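Step one of this worksheet: look at the structure below.
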Amino acid sequence: MSAEKFMRLAWKEAEKAMEIGEVPVGCVVVRDGEVVSAAHNLREHHRQTDAHAEMLAIKAACERLDSWQLGGCDLYVTMEPCPMCAGAIIQSRIRNVYFGCYDKKAGAFGSVTDLATCNWTHKPGVYGGIMEDACSVLPKQFFAKLRSGEM
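Under this note's numbering, the first residue of the sequence shown carries the number 900, and numbering increases by one thereafter.
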């Protein structure tokens, strides 16, 4: 399966977040070519710091697979993970991370810092810039609306 196929699914999750006034980030966890979980940001709705798309998708994948270890899984997310999410990705043993747009303010897989290069027990493969232009559109629209008072 192509990375773009799963990134499109993550993008649809990001759209759901934007529709409800959340920062538009979407994520899917995939194992053996099948989606195990999908999620989008829900920080505002849950009023919880850790309700990022990646954290929610990882939690759902762990529940569905009945394991905290997601070693055979790949994660697709529309925006480069932050340090919290990157840490959860590393700790859950996710095999590969594919992300869309880079986050120059909080990205932890290359933009601000790169947690994948630290001397951890597990190092996921990291592939950025998948559908980068498409993935950067929703956050730009969201923050423009927020600044203009439309949200």
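Glycine residues also receive a C-beta, built at the ideal position from the N, C-alpha and C atoms. Treat the numbers as computed from the prediction; the structure is a model and nothing was measured.
My guess is that C1034 and M954 are in contact by the Cβ rule of under 8 Å, so how many angstroms apart are they, rounded?
Contact flag wrong, Cβ pair sits at about 18 Å.
On the three-state DSSP scale, how would you describe E933?
strand
Check whether the Cβ atoms of A902 and V928 lie closer than 8 Å to each other.
no
For A909, collect the residues of the same chain with a Cβ closer than 7 Å to its Cβ; drop the 5 residues on either side in sequence, then sort them by chain order.
G925, C926, V927, Y975, V976 and T977
Tell me, please, whether the stretch 938-954 touches the stretch 904-922 by the rule of three or more beta-carbon pairs shorter than 8 Å.
yes
Based on the DSSP secondary-structure assignment, which residues constitute the bridge partners of A960?
None, per the DSSP bridge assignment.
Are D973 and Y1001 closer than 8 Å when you measure CB to CB?
no
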